[in-house]
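Visitor:
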Amino acid sequence: MAKKITEPTKPPRENAFLVSVDLYGQKGLLSVEDSLNELTLLADTAGLNVVGQSIQRLDQPNPETFIGSGKVEEIQALVEDLMADVVIFDNELSPRHQRELEDRLGPHVRVLDRTALILDIFAQHATTRDGILQVELAQYEYRLPRLTRAWTHLARQAGGGGGRTGSVGGVGLRGPGETQLEVDRREIRARISHLKKELEKVRAHRLRYRAQRKRTHVPIVALVGYTNAGKSTLLNRLARTDVYVADQLFATLDPTTRRVPLPGNHVALFTDTVGFIQKLPTQLIAAFHATLEEIAEADLLLHVVDVTHANVHAQAKAVHETLEEIGAGHIGVITVLNKIDRLAHPENASPALAEMPNAVAISAKDGTGIPELLQAIESQLYETYVAITVKLPYQQGQLISLFHDQGQVESVIHERGGVLMQGNLPGRLLARFQPFIKAAPEQV
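Every position in the sequence shown, counted from 1, becomes a number in my numbering once 3 is added.
1. G430 to V227, Cα distance in whole Å?
2. Over what stretch of residues does the beta strand (DSSP E) that includes H399 continue unbroken?
3. What are the partner residues of E418, as DSSP defines its beta bridges?
4. Provide the residue span of the alpha helix (DSSP H) that contains F439, from first to last.
5. Considering only the beta carbon of each residue, do N314 and L33 sit closer than 8 Å?
6. Are there 16 or more other CB atoms within 10 angstroms of the CB of H197, so buried, or fewer, so exposed?
7. Determine the DSSP secondary structure at V363, reduced to helix, strand or coil.
8. Per DSSP, what are the beta-bridge partners of S382 in this structure?
9. Rounded to whole angstroms, how far is the Cβ of D302 from the Cβ of I223, which I believe are closer than 8 Å?
10. Of the choices N361, E203 and S404, whose alpha-carbon is the least far from that of A289?
11. Taking the C-alpha atoms as reference points, what is the distance between A225 and R189?
12. Work out the CA separation of E95 and I195 for me, nearest whole Å.
13. Pair every Cβ in the stretch 18 to 37 with every Cβ in the stretch 45 to 57, then say whether three or more of these pairs are closer than 8 Å.
14. Flag this pair as yes or no: are the beta carbons of Q127 and Y229 separated by less than 8 Å?
15. From which residue to which residue does the beta strand (DSSP E) around S23 run?
16. Would you check if the distance between the CB atom of V433 and the CB atom of G335 is smaller than 8 Å?
17. Tell me the residue span of the alpha helix (DSSP H) that contains V35.
18. Of the choices P15, A321 and A141, whose alpha-carbon is the least far from that of S38?
19. Just to confirm, are L104 and T130 a CB contact at a threshold of 8 Å?
20. Quick one: give me the first and last residue of the beta strand (DSSP E) that Q281 is part of.
21. For D88 and P66, I'd like the C-alpha separation in whole angstroms.
22. Might you give, ordered along the chain, the residues of its own chain that have their beta carbon closer than 6 Å to the beta carbon of S414, omitting 5 neighbours on each side?
23. Using 8 Å as the Cβ pair cut-off and three pairs as the minimum, do the stretch 254 to 273 and the stretch 102 to 120 touch?
24. How big is the Cα-Cα spacing for T371 and I365?
25. Helix, strand or coil, according to DSSP, for Q215 in the structure here?
26. Assign R146 to one of two classes, buried (16 or more other C-beta atoms within 10 Å of its C-beta) or exposed (fewer than that).
27. Thinking C-beta only, is P266 closer than 8 Å to E381?
28. Can you tell which of E201, V339, I280 and H292 has the C-alpha that lies nearest to the C-alpha of Q378?
29. What does a CB cutoff of less than 8 Å around L238 pick up in its chain, not counting 5 residues either side in sequence?
30. In this structure, does DSSP put Q455 in helix, strand or coil?
31. G400 and N427: beta carbons closer than 8 Å?
32. What residues in its chain sit with their C-beta under 6 Å from that of F436, if we drop five residues either side in the sequence?
33. Using the three-state DSSP reduction, which class does S57 fall into: helix, strand or coil?
34. Mind checking whether N361 and V310 have CB atoms under 8 Å apart?
35. Give me the Cα-Cα distance between V112 and P349, rounded to the nearest whole angstrom.
36. By a C-beta neighbour count over all protein chains shown, 10 Å radius and 16 as the cutoff for buried, is Q286 buried or exposed?
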């Protein structure tokens with residue numbers, strides 16, 4: 004008689020209580036209530052069960068506990084009644100705030116902020132060596148100023164992230180992994196230094212790879228957008244592949260590149276990138292510099308937008324702000340209004356089409372609008388020319404040759420320190436010449 008194979012028992016989901024502070028004069032992209040709803044989705048993605056939430060409006064943070072002392076007592080009672088294991092703030096807490104709150108809420112309640120929660124989700128979803136290194140660096144830099152107290156909640160080991168791990172209970176900072184109650188600052192600084200050196204190697208490898216791709220003159224299209232907008236689903240539709248897709252925030256983290264045929268017998272390389280979010284931790288932007296450069300070096304951006312979302316405009320603004328922050332604000336954009344299959348009347352997407360640049364309405368799920376999108380990409384990459392004046396240093400011989408080979412040259416003037424060139428370039432090449440532009444380009 005064959006033995007019955009039993010699945011390993013999964014640990015129960017921990018209970019989380021959410022807190023948001025609305026500070027006078029600090030208006031975010033989302034309302035406090037909508038931001039808390041987003042934090043609920045983040046907690047669910049991290050494997051937590053949200054049992055309650057609370058909002059406090061303040062003129063300024065309490066220097067000791069961030070929230071008022073009366074609010075601390077109220078939350079303490081609610082946490083006890085609801086049997087919450089962790090309290091998560093939608094705001095970023097200083098190390099002092101976190102320590103004081105943990106002292107007052109009790110030894111069995113952990114306190115996290117939004118940054119720590121996002122770092123944990125990234126640690127769970129990082130699968131490549133590059134991704135794991137980047138998450139580990141971000142987590143160590145987050146932990147370093149918080150080592151004035153023993154991080155007893157980092158002692159337990161848990162799975163996730165593809166490597167050694169350390170957990171904040173069931174949801175912790177899973178990346179680097181800690182087995183000691185207190186980590187020596189000097190060792191952490193040494194580890195941070197090592198990780199930065201490893202990531203410089205990653206960056207150098209990506210630079211060589213991008214240089215090789217540019218020599219082939221195959222344009223690169225980067226898919227960007229708010230997390231869960233449908234970028235991976237769209238890449239699967241365009242490339243007929245099976246990139247991992249899930250209806251949750253940050254389902255995919257590591258960039259994926261696929262070759263996609265275009266209508267005019269051309270091809271392009273499409274890269275799916277990590278989703279953006281409001282209040283994206285600065286540690287992640289810095290640590291993921293090597294990955295985010297894939298966006299900044301693209302020839303065209305597809306900004307994928309969930310047209311059904313109630314906060315679609317705020318989400319789009321968060322994406323544009325992040326693109327500016329990583330140096331990609333100058334790249335041409337096609338706005339992809341996704342998920343029109345969820346609209347009772349798809350024609351309701353028309354107002355959004357008029358408001359957003361170069362917009363195309365599609366459904367990545369059922370394929371509606373995909374031919375029109377591919378045609379728009381073909382036109383942007385190969386049919387649209389831009390009038391441009393650039394001064395190229397003599398060391399940039401490759402760009403000088405590229406202008407002659409791919410563009411329409413109207414004048415060439417040899418000056419001291421470089422060549423002043425005027426003419427028309429295909430839109431797909433504009434990003435490569437951006438550092439040398441002498442006048443604002445015009446579409447022709």
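C-beta: ideal position from N, C-alpha, C; glycine also.
Everything numeric in this text was worked out from a predicted model, so none of it was measured.
Guide: In short, the structure shows the following:
1. Residue 430 sits at position 427 when you count from the first residue of the sequence shown. Residue 227 sits at position 224 when you count from the first residue of the sequence shown. Cα to Cα, the separation comes out at about 18 Å.
2. Numbered from 1 along the sequence shown, position 396 holds the residue referred to as residue 399. Checking the displayed sequence, the identity of residue 399 turns out to be Gln instead of His. Secondary structure note for Q399: it is in no beta strand (DSSP E), with a DSSP letter that is neither H nor E.
3. Along the sequence shown, one-based indexing puts residue 418 at 415. Bridge partners of E418: G421.
4. The residue given as residue 439 occupies position 436 in the sequence shown. Careful: F439 lies outside any alpha helix (DSSP H) and carries neither H nor E.
5. Locating residue 314 in the sequence shown gives position 311, where the first residue counts as 1. Locating residue 33 in the sequence shown gives position 30, where the first residue counts as 1. Contact: yes.
6. One-based indexing of the sequence shown puts residue 197 at position 194. H197 counts as exposed, since fewer than 16 other beta carbons sit within 10 angstroms of its beta carbon.
7. Locating residue 363 in the sequence shown gives position 360, counting from the first residue. Strand at V363.
8. One-based indexing of the sequence shown puts residue 382 at position 379. BP columns for S382 are empty, so no partner.
9. Taking the first residue of the sequence shown as 1, we reach residue 302 at position 299. Taking the first residue of the sequence shown as 1, we reach residue 223 at position 220. Indeed they touch by this definition, with Cβ atoms about 5 Å apart.
10. Mapped onto the sequence shown, residue 289 falls at position 286. Selected option, being the one with the closest Cα: E203.
11. The residue labelled residue 225 in the question sits at position 222 within the sequence shown. The residue labelled residue 189 in the question sits at position 186 within the sequence shown. Cα to Cα, the separation comes out at about 39 Å.
12. Here residue 195 refers to the residue found at position 192 when the sequence shown is read from its first residue. Here residue 95 refers to the residue found at position 92 when the sequence shown is read from its first residue. Using only the alpha carbons, I get a separation of about 22 Å.
13. Inter-segment contact for the stretch 18 to 37 and the stretch 45 to 57 is present: three or more beta-carbon pairs are separated by less than 8 Å.
14. By one-based count along the sequence shown, residue 127 stands at place 124. By one-based count along the sequence shown, residue 229 stands at place 226. No; because the gap between Cβ atoms is not below 8 Å, this pair is not in contact.
15. On the sequence shown, residue 23 is found 20 positions in, with the first residue counted as 1. E17 to L26 is the span of the beta strand (DSSP E), which, as asked, contains S23.
16. The residue given as residue 433 occupies position 430 in the sequence shown. The residue given as residue 335 occupies position 332 in the sequence shown. Checking the displayed sequence, the identity of residue 433 turns out to be Leu instead of Val. Yes, they are a contact pair.
17. Along the sequence shown, read from residue 1 onward, the residue named residue 35 stands at position 32. It spans V35 to T48 - the alpha helix (DSSP H) in which V35 sits, taken as one unbroken run.
18. Within the sequence shown, the letter at position 35 stands for residue 38. Closest by alpha carbon: A321.
19. To locate residue 104, count along the sequence shown from 1; it is residue 101. To locate residue 130, count along the sequence shown from 1; it is residue 127. Cβ distance not < 8 Å, so L104 and T130 don't count as in contact.
20. One-based indexing of the sequence shown puts residue 281 at position 278. Unbroken run through Q281: none, as it is neither H nor E.
21. To locate residue 88, count along the sequence shown from 1; it is residue 85. To locate residue 66, count along the sequence shown from 1; it is residue 63. One C-alpha to the other measures close to 25 Å.
22. Here the question's residue 414 lines up with position 411 in the sequence shown. Result list for S414: Q425, in chain order.
23. The stretch 254 to 273 vs the stretch 102 to 120: no contact.
24. On the sequence shown, position 368 is the one that residue 371 refers to. On the sequence shown, position 362 is the one that residue 365 refers to. Taking the straight line from one Cα to the other gives about 5 Å.
25. Translated into positions along the sequence shown, residue 215 becomes position 212. The answer is helix: DSSP assigns Q215 an H, G or I state.
26. Start at 1 with the first residue of the sequence shown, and residue 146 comes out as number 143. Residue environment analysis places R146 among the buried positions, since at least 16 neighbouring C-beta atoms fall within 10 angstroms of its C-beta.
27. Position 378 of the sequence shown, counting from 1, holds the residue named residue 381. Position 263 of the sequence shown, counting from 1, holds the residue named residue 266. Result yes, Cβ atoms of E381 and P266 sit closer than 8 Å.
28. Against the sequence shown, residue 378 aligns to sequence position 375. With distances taken between Cα atoms, Q378 lies closest to V339.
29. Locating residue 238 in the sequence shown gives position 235, counting from the first residue. Result list for L238: L226, T244, V246, T259, R261, F273 and D275, in chain order.
30. Residue 455 lies beyond the residue range present for the chain, which begins at 4 and ends at 447; the question has no answer from this structure.
31. Position 397 of the sequence shown holds residue 400. Position 424 of the sequence shown holds residue 427. Taking 8 Å as the Cβ cut-off, G400 and N427 do not qualify as a contacting pair.
32. Here residue 436 is taken as the residue at index 433 of the sequence shown, counted from 1. Excluding residues within five positions, the ones whose Cβ falls inside 6 Å are V393.
33. Counted from its first residue, the sequence shown places residue 57 at position 54. Of the three classes helix, strand and coil, the one that applies to S57 here is strand, per DSSP.
34. Walking along the sequence shown from the start, residue 361 turns up at place 358. Walking along the sequence shown from the start, residue 310 turns up at place 307. For N361 and V310, no; Cβs fall outside 8 Å.
35. Here residue 112 refers to the residue found at position 109 when the sequence shown is read from its first residue. Here residue 349 refers to the residue found at position 346 when the sequence shown is read from its first residue. Each residue's Cα considered, the two are about 47 Å apart.
36. By one-based count along the sequence shown, residue 286 stands at place 283. Looking at its Cβ environment, which holds 16 or more other Cβ atoms inside 10 Å, Q286 is buried.
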